[in-house]
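Residue numbers (this note's numbering): 14 to 408.
Put into structure tokens, the structure is as follows:
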């Protein structure tokens, strides 16, 4: 069995990924606050989710060229620098065009960082690479759990959510000063011939459709869950922003429990079960008219949501017909499109019928994923392969 040695470089990389997650999950629940502050519609506020999607998609397109030119070490630190710059920009931005610009910039930087981190851990730890990546994601998600609490607390105490978000530059600067290690650079490699010449099989596109649907669920809950808490469950703006941490806590717990259950059950059945748990949690969240049941519903929903992406990307790679690089690239676009389309669609619907009714779009996405995963259940590859692939999911 591979042994994971957590040396100084490993801890530095874990910290870099965690700092990105602080921005990612800290910014997610402030969309309703920006809507109030800027006096804009939910449709326009949801464009921040679209900005995140655009930043990630553009990053995925240019990462190979940037890595070849600047190296992985610079790519990681360059990405983290852009994330920090985005938080500083947000601190001073009070116009929609500027907040959209900095949301896109932060997402672009995050995509550079995540790609570099995953590759660096893989090459640094060899056969223990998947374990290191999984552990890095768990640590980063824990920091993501804290971020909405800090941002919500800063807002509730009158400092403003921007103060809570910009705090990330302090540990970033300290890490840059005291890191003292360099990420390993890419090994000599060649681009596989014909990687894009063969079509991905139909079963792959079923898995990609599931990724689109579950990505839509996650981004809708992250960006607009706090709005529903305010509108239907009687939660104050500051508390609603912090309450999104209950969703993330559920996601972290779901990944820990699900990783063990996957040793016994087929991945497709695990994903169907996760979708069912998400649906049950959503029903409780949506029906609640007081804070605590709504937050419990968010936590239960998170238990399922935490498994959606790891299992979905594992299925996609397993059904790639021996083309994992092409499959991963196409999967990133599926998730990116979900982050672009779903928040905008939900925001536009909320402007027409209100946020509570508009949130019924979430179970529609859950149903779409369940339908395609049910079809995949008949042709799933051996669970051991999928477990190995699922261990290397990005945040």
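Glycine is no exception: its CB is placed at the ideal position from the N, C-alpha and C atoms.
According to DSSP, simplified to helix, strand and coil, what is residue i?
i           : result
residue 104 : helix
residue 373 : coil
residue 212 : coil
residue 170 : coil
residue 404 : Because the pLDDT at residue 404 is just 43, under 50, the model does not fix this residue reliably, and the value given afterwards should be weighed accordingly. Reduced to three states, the DSSP call for residue 404 is coil.
residue 410 : The displayed coordinates of the chain run from 14 to 408. Any statement about residue 410 would go beyond what the structure contains.
residue 220 : helix
residue 302 : coil
residue 279 : coil
residue 452 : Given that the chain is displayed from residue 14 to residue 408, the structure contains no residue 452 and the question cannot be resolved.
residue 138 : helix
residue 351 : helix
residue 61  : helix
residue 77  : helix
residue 193 : coil
residue 232 : helix
residue 198 : coil
residue 120 : helix
residue 19  : coil
Let's test the definition: count the other Cβ atoms within 10 Å of the Cβ of residue i and tell me whether it reaches 16, buried, or not, exposed.
i           : result
residue 237 : buried
residue 268 : buried
residue 168 : buried
residue 52  : exposed
residue 63  : buried
residue 175 : buried
residue 377 : exposed
residue 323 : buried
residue 353 : buried
residue 81  : exposed
residue 12  : With the chain running from 14 to 408 in the structure shown, residue 12 is simply not present.
residue 164 : buried
residue 270 : exposed
residue 107 : exposed
residue 178 : buried
residue 368 : buried
residue 21  : exposed
residue 325 : buried
residue 171 : exposed
residue 77  : exposed
residue 243 : buried
residue 29  : buried
residue 349 : buried
residue 366 : exposed
residue 219 : buried
residue 290 : buried
residue 215 : exposed
residue 54  : exposed
residue 389 : buried
residue 75  : exposed
Taking the straight line between their C-alpha atoms, what separation do you get for residue i and residue j?
i           : j           : result
residue 213 : residue 49  : 45 Å
residue 375 : residue 345 : 21 Å
residue 190 : residue 152 : 21 Å
residue 318 : residue 43  : 20 Å
residue 60  : residue 71  : 16 Å
residue 33  : residue 259 : 19 Å
residue 235 : residue 79  : 30 Å
residue 83  : residue 73  : 16 Å
residue 58  : residue 300 : 24 Å
residue 264 : residue 194 : 31 Å
residue 182 : residue 156 : 14 Å
residue 283 : residue 154 : 21 Å
residue 185 : residue 98  : 11 Å
residue 104 : residue 274 : 43 Å
residue 207 : residue 56  : With a pLDDT of 44 at residue 207, under the threshold of 50, the modelled position of this residue cannot be trusted; read the value that follows with caution. Between residue 207 and residue 56, the C-alpha separation is close to 42 Å.
residue 100 : residue 138 : 32 Å
residue 247 : residue 302 : 7 Å
residue 27  : residue 149 : 5 Å
residue 68  : residue 133 : 22 Å
residue 123 : residue 391 : 36 Å
residue 94  : residue 278 : 41 Å
residue 331 : residue 297 : 34 Å
residue 109 : residue 19  : 43 Å
residue 287 : residue 320 : 6 Å
residue 25  : residue 227 : 31 Å
residue 161 : residue 47  : 15 Å
residue 23  : residue 121 : 23 Å
residue 225 : residue 117 : 20 Å
Does residue i come within less than 9 Å of chain B when only Cβ atoms are used?
i           : result
residue 124 : The structure shown contains no chain B; it is built from a single protein chain.
Count Cβ pairs between the stretch 118-132 and the stretch 81-89 that sit closer than 8 Å; are there 3 or more? Cβ pair count under 8 Å is three or more, so yes.
Three Cβ pairs or more, each shorter than 8 Å: is that satisfied between the stretch 349-365 and the stretch 305-316? no
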